[in-house]
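Undergrad: The structure is given below, and queries will be raised subsequently.
Residue numbers (this note's numbering): 2 to 55.
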């Protein structure tokens with residue numbers, strides 16, 4: 002029998018300083034929230050981005 006595929010969810014990475022939705026990712030459900038340093042185009046520097054579901 003074939004196993005069912007785990008569904009991937011769409012998440013958005015939001016800049017902590019400006020609140021802009023800069024990046025979109027697809028990942029497996031579950032796990033802890035992401036906190037990644039990514040480039041923020043508005044501030045033109047690297048800032049911490051946090052996972053948020055839209």
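We put the CB at the ideal spot given by N, CA and C, even for glycine.
Looking at C-alpha atoms only, which residue of 10, 48, 42 and 19 is the closest neighbour of residue 36?
TA: Working through the chain shown from its first residue, we reach residue 36 at position 35. Cα-wise, what sits closest to residue 36 is 48.
Undergrad: Residue 25 to residue 34, Cα distance in whole Å?
TA: Residue 25 sits at position 24 when you count from the first residue of the chain shown. Residue 34 sits at position 33 when you count from the first residue of the chain shown. Cα to Cα, residue 25 sits roughly 14 Å from residue 34.
Undergrad: Of all the options 28, 18, 17 and 4, which has the alpha carbon lying nearest to the alpha carbon of residue 11?
TA: For the purposes of this step, residue 11 is taken as the residue at position 10 of the chain shown. Measuring from the Cα of residue 11, the nearest candidate turns out to be 28.
Undergrad: Please classify residue 17: does DSSP put it in a helix, a strand, or coil?
TA: By one-based count along the chain shown, residue 17 stands at place 16. Note: residue 17 maps to coil in three-state DSSP.
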